[in-house]
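Just so we're aligned: 16 in UniProt numbering is position 16 of the sequence shown, and the numbers increase by one with no gaps anywhere.
As structure tokens, the structure follows; a few thoughts come after it.
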Amino acid sequence: VFCSGVDPLIASFTRISIRSSAQQNGMTGAMGTLKTPAQRTQWCRSANRRIHDHDVRAMTISNGKLYSGGIDSYLAISRPPKVVVKHPPIPQAPCVTVC
Numbered sequence: 001v002f003c004s005g006v007d008p009l010i011a012s013f014t015r016i017s018i019r020s021s022a023q024q025n026g027m028t029g030a031m032g033t034l035k036t037p038a039q040r041t042q043w044c045r046s047a048n049r050r051i052h053d054h055d056v057r058a059m060t061i062s063n064g065k066l067y068s069g070g071i072d073s074y075l076a077i078s079r080p081p082k083v084v085v086k087h088p089p090i091p092q093a094p095c096v097t098v099c
């Protein structure tokens, strides 16, 4: 899961499962059976990335790539965890030409 707010930071969260200490130590119950409590899951921040210079306005994922756009008008395409390609905006033709 990727998220961003009113800053240039894009955070990545991953769901992890947490085992209890009894399950990790191999403790057994009264009848000699292994205690197997339900595993808990928790969201953990796995990465922070500063791809844009200003606020991030839009994000989407397609074919394993994260596409993001911000106020800086760059389109960033990143493949987690570390590959980033930034495409600058297409410059407009000038309204006036001086000879």
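In this text, a Cβ means the ideal position worked out from N, Cα and C, and glycines have one as well.
Please classify residue i as buried or exposed, where buried requires at least 16 other C-beta atoms within 10 Å of its C-beta.
i     : result
Val56 : buried
Ile16 : exposed
Ile71 : exposed
Ser62 : exposed
Ala76 : buried
Ile18 : exposed
Can you tell me which residues form a DSSP beta bridge with residue i?
i     : result
Lys86 : Ala76
Between the Cα of residue i and those of the options, spot the shortest distance and give me the residue it belongs to.
i           : options                       : result
Gly5        : Gly64, His52, Arg19 and Pro89 : His52
Phe13       : Ile61, Ile90, Asn48 and Pro89 : Asn48
Lys82       : Thr41, Leu66 and Gln39        : Leu66
residue 159 : Val85, Ile90 and Thr60        : This structure gives no information on residue 159, because the portion of the chain shown stretches from 1 to 99.
Lys86       : Asp7, Gly69 and Gln92         : Gly69
Could you spell out where the beta strand (DSSP E) holding residue i opens and where it closes?
i     : result
Ala11 : Leu9 to Ile18
- Message: Suppose only complete runs of 3+ residues qualify. What are the beta strand (DSSP E) ranges in the stretch 39–72, listed by chain order?
- Response: 40–50, 56–62 and 65–70
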